[in-house]
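Chains as they are written, first to last, in the numbering used here: chain A, 22 to 183; chain B, 172 to 449. The beta carbon of each residue, even a glycine, is placed where N, CA and C say it ideally should be. Since the model is a prediction, treat every value here as computed from it, not as a measurement.
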Amino acid sequence: MSLNKPQGLGIFIFTIFVAMALKIAPFPAFFSELNPDWVLLTLIYWSITTPERTGIISAWTVGLLTDVLTGRLLGQYALAYPLAIYFCAKNHHRLRRFPLFQQGLLIFFVQFLSQLLIFWTENFHSATRFTSAFWWPVISGTLFWPIVYSILSLVRVPRKLR
Amino acid sequence: MFVVVVSVALLITEHRSNHLSGLRSALSLITYPVQFIVSLPKTVTNQAISSVNSNSTLREEYNKLKQDHLITKAKLLKFEALEKENIRLRALLANSFKLGEQVLVAELLSVNLAPYEHTVLVNKGSRFGVHAQQPVMDADGIVGQVIRSTPLTSEIILITDPSHAIPVQVNRNGLRTIAVGSGQLNQLNLPFLPNNADIIPGDLLITSGLGGRFPYGYPVAVVDNFNPQSDKPFASVSATPKAQLDKTRELLIVWSDSKPVPLTENQNPEQHNTDVTE
Numbered sequence: 022m023s024l025n026k027p028q029g030l031g032i033f034i035f036t037i038f039v040a041m042a043l044k045i046a047p048f049p050a051f052f053s054e055l056n057p058d059w060v061l062l063t064l065i066y067w068s069i070t071t072p073e074r075t076g077i078i079s080a081w082t083v084g085l086l087t088d089v090l091t092g093r094l095l096g097q098y099a100l101a102y103p104l105a106i107y108f109c110a111k112n113h114h115r116l117r118r119f120p121l122f123q124q125g126l127l128i129f130f131v132q133f134l135s136q137l138l139i140f141w142t143e144n145f146h147s148a149t150r151f152t153s154a155f156w157w158p159v160i161s162g163t164l165f166w167p168i169v170y171s172i173l174s175l176v177r178v179p180r181k182l183r
Numbered sequence: 172m173f174v175v176v177v178s179v180a181l182l183i184t185e186h187r188s189n190h191l192s193g194l195r196s197a198l199s200l201i202t203y204p205v206q207f208i209v210s211l212p213k214t215v216t217n218q219a220i221s222s223v224n225s226n227s228t229l230r231e232e233y234n235k236l237k238q239d240h241l242i243t244k245a246k247l248l249k250f251e252a253l254e255k256e257n258i259r260l261r262a263l264l265a266n267s268f269k270l271g272e273q274v275l276v277a278e279l280l281s282v283n284l285a286p287y288e289h290t291v292l293v294n295k296g297s298r299f300g301v302h303a304q305q306p307v308m309d310a311d312g313i314v315g316q317v318i319r320s321t322p323l324t325s326e327i328i329l330i331t332d333p334s335h336a337i338p339v340q341v342n343r344n345g346l347r348t349i350a351v352g353s354g355q356l357n358q359l360n361l362p363f364l365p366n367n368a369d370i371i372p373g374d375l376l377i378t379s380g381l382g383g384r385f386p387y388g389y390p391v392a393v394v395d396n397f398n399p400q401s402d403k404p405f406a407s408v409s410a411t412p413k414a415q416l417d418k419t420r421e422l423l424i425v426w427s428d429s430k431p432v433p434l435t436e437n438q439n440p441e442q443h444n445t446d447v448t449e
């Protein structure tokens with residue numbers, strides 16, 4: 022297992038890197054509205070499957086980098102991600118065993134929590150309005166969850182990272 | 172829960188001060204590769220397109236540019252004389268005159284920072300001396316201003332962002348007002364004009380220079396709609412930005428905070444400078 026650790030870290034960083042790229046990629050207008058929070062989805066996946074390695078601290082680090090990447094105030098994502106990941110890591114046993122529908126429901130709530138925190142902290146530097154745009158990434162993120170899950174499993178399972 | 176405290180502390184610190192810009196700059200060096208890779212396909216396609224341009228297209232473009240150059244040069248002939256005259260006239264009025272501006276060309280990185288926010292990223296940062304609050308324009312008009320610069324990139328807020336407002340005046344009669352972003356790339360709102368304001372569709376709005384952030388006299392937008400609302404104190408006025416916000420890839424970052432030129436020895440230019448500088 023000790024041999025796996027550095028490799029696991031490499032894979033983790035790589036997947037986060039890809040997720041960050043997807044998060045800021047210039048998609049056509051209709052899709053950029055419902056572009057889900059790929060970074061959060063990836064973090065959720067790793068926190069469910071390897072909870073002892075991907076915890077609050079990694080979520081915080083990734084959140085801080087996402088803040089810089091997307092030009093938020095430092096601490097917006099760094100506040101939302103650890104709280105969301107705390108919830109996932111705490112319930113990872115249940116989440117792993119849940120059927121897809123129930124899992125999706127919880128993923129929906131975790132994303133909703135993160136989105137809500139971002140929305141609140143956004144009010145720090147600009148007035149925001151609560152529109153339907155708030156919901157699109159959360160809904161599409163839930164719909165994309167099975168795809169993200171299976172793709173990341175393809176990356177993880179052959180390497181026996183646990 | 173220690174993490175939450177740290178995050179909240181970070182949030183408050185950055186909101187209140189700019190002590191954290193060093194940390195942000197350091198972290199931006201880590202995230203720059205992501206931004207670079209995301210904008211790579213666009214850069215490569217652009218280069219590929221330009222490398223397979225045919226001889227005839229290039230010739231055509233060259234001729235067109237040559238013509239444009241000739242026309243602009245002819246226009247500039249008069250400009251120098253007018254500038255001198257302007258300085259003389261201002262001297263008569265005991266007014267000050269601001270020096271011309273310096274510009275730096277920066278290229279857009281095609282990344283989408285946050286939906287519903289009109290901020291863009293360009294490839295010139297504090298290494299080139301770019302700093303926050305600098306005005307940005309393209310060949311047609313004002314684009315926005317720099318809100319944050321890191322060593323390799325800087326973020327620019329467009330004039331159409333809902334949280335952005337720019338002091339403007341009507342070129343025809345000097346009527347001053349404020350243009351606020353609408354959240355749509357092709358529209359600005361002028362919410363503070365009374366119902367009997369002297370403004371008609373087709374009026375050119377230029378920067379008024381008030382506030383000291385945007386230099387005076389650059390085109391911002393053209394008024395396209397003026398609806399007096401008799402039941403409300405202000406009319407509803409909308410304008411279309413002159414700058415091609417969704418098309419340009421090259422932006423000009425402007426240095427305009429140069430000191431006003433003292434005209435004669437015995438007067439203090441600061442006294443007569445009407446602009447509010449920060």
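Does any residue of chain B bring its CB to less than 9 Å from the CB of residue i?
i: tryptophan 67 (chain A); result: no
i: asparagine 56 (chain A); result: yes
i: isoleucine 77 (chain A); result: yes
i: valine 169 (chain A); result: no
i: glutamine 97 (chain A); result: yes
i: phenylalanine 38 (chain A); result: yes
i: threonine 163 (chain A); result: no
i: alanine 105 (chain A); result: no
i: tryptophan 81 (chain A); result: yes
i: serine 63 (chain A); result: Here residue 63 (chain A) turns out to be threonine, not serine, going by the sequence shown. For threonine 63 (chain A), the answer is no, since every Cβ of chain B falls outside 9 Å of its Cβ.
i: phenylalanine 145 (chain A); result: yes
i: threonine 70 (chain A); result: no
i: leucine 90 (chain A); result: yes
i: serine 174 (chain A); result: no
i: proline 47 (chain A); result: yes
i: glycine 84 (chain A); result: yes
May I ask you to list the residues that DSSP assigns as paired with residue i?
i: alanine 277 (chain B); result: B:Leu422
i: asparagine 283 (chain B); result: According to DSSP, which records beta bridges pairwise, asparagine 283 (chain B) is partnered with nothing at all.
i: alanine 219 (chain B); result: For alanine 219 (chain B), which the question treats as bridged, DSSP gives no partner whatsoever.
i: threonine 290 (chain B); result: B:Ile328
i: threonine 348 (chain B); result: B:Val339
i: glutamate 411 (chain B); result: According to the sequence shown, residue 411 (chain B) is threonine rather than glutamate. DSSP, once it has assigned bridges, lists B:Val393 as partnering threonine 411 (chain B).
i: arginine 319 (chain B); result: B:Glu326
i: valine 307 (chain B); result: B:Gly315 and B:Ile424
i: proline 365 (chain B); result: B:Phe405
i: asparagine 398 (chain B); result: B:Ser407
i: leucine 359 (chain B); result: B:Gly352 and B:Ala410
Let's see if you can read the secondary structure: which residues bound the alpha helix (DSSP H) around residue i?
i: threonine 75 (chain A); result: Careful: threonine 75 (chain A) lies outside any alpha helix (DSSP H) and carries neither H nor E.
i: glutamine 238 (chain B); result: 226-263
i: serine 178 (chain B); result: 173-187
Roughly how many whole angstroms lie between the Cα atoms of residue i and residue j?
i: glutamine 136 (chain A); j: valine 159 (chain A); result: 8 Å
i: aspartate 446 (chain B); j: leucine 134 (chain A); result: A caution first: aspartate 446 (chain B) carries a pLDDT of 42, below 50, which makes its placement in the model unreliable, though a value can still be read off. Distance between the alpha carbons of aspartate 446 (chain B) and leucine 134 (chain A) is about 46 Å.
i: histidine 289 (chain B); j: leucine 359 (chain B); result: 13 Å
i: serine 452 (chain B); j: threonine 324 (chain B); result: With chain B running from 172 to 449 in the structure shown, residue 452 (chain B) is simply not present.
i: serine 334 (chain B); j: isoleucine 208 (chain B); result: 29 Å
i: lysine 418 (chain B); j: aspartate 309 (chain B); result: 10 Å
i: phenylalanine 88 (chain A); j: serine 199 (chain B); result: In the sequence under discussion, the amino acid at residue 88 (chain A) is aspartate, which differs from the phenylalanine named in the question. Taking the straight line joining both Cα atoms gives about 10 Å.
i: phenylalanine 140 (chain A); j: threonine 152 (chain A); result: 11 Å
i: threonine 331 (chain B); j: leucine 62 (chain A); result: 31 Å
i: glutamine 451 (chain B); j: valine 391 (chain B); result: Because chain B is modelled from 172 through 449, residue 451 (chain B) falls outside the range shown and cannot be assessed.
i: serine 225 (chain B); j: asparagine 217 (chain B); result: 15 Å
i: alanine 105 (chain A); j: histidine 190 (chain B); result: 28 Å
i: tryptophan 59 (chain A); j: methionine 41 (chain A); result: 7 Å
i: asparagine 367 (chain B); j: valine 307 (chain B); result: 33 Å
i: lysine 244 (chain B); j: isoleucine 370 (chain B); result: 32 Å
i: glutamate 254 (chain B); j: glycine 388 (chain B); result: 13 Å
i: glutamate 232 (chain B); j: alanine 50 (chain A); result: 31 Å
i: alanine 406 (chain B); j: glutamine 415 (chain B); result: 26 Å
i: lysine 413 (chain B); j: asparagine 357 (chain B); result: 9 Å
Tell me the residue span of the beta strand (DSSP E) that contains residue i.
i: proline 47 (chain A); result: No beta strand (DSSP E) contains proline 47 (chain A), which DSSP labels as neither H nor E.
i: leucine 376 (chain B); result: 375-378
i: valine 178 (chain A); result: Element bounds for valine 178 (chain A): n/a, residue is neither H nor E.
Residue i: beta carbon under 8 Å from a heavy atom of the ligand ZN?
i: histidine 240 (chain B); result: The ligand ZN is absent from the structure shown, which contains no ligands of any kind.
Measuring only between beta-carbons, confirm whether residue i sits less than 9 Å from chain A.
i: valine 317 (chain B); result: no
i: asparagine 189 (chain B); result: no
i: isoleucine 208 (chain B); result: yes
i: glutamate 278 (chain B); result: no
i: lysine 295 (chain B); result: no
i: alanine 410 (chain B); result: no
i: tyrosine 287 (chain B); result: yes
i: proline 306 (chain B); result: no
i: lysine 235 (chain B); result: no
i: isoleucine 258 (chain B); result: no
Strictly below 7 Å CB to CB, what residues from chain E border residue i?
i: alanine 110 (chain A); result: Of the chains in the structure shown, none is chain E; the protein chains are A and B.
### Task
Please go through the segment 111-149 of chain A and give each complete alpha helix (DSSP H) segment of 4 or more residues, from N-terminal end onward.
113-118 and 121-143
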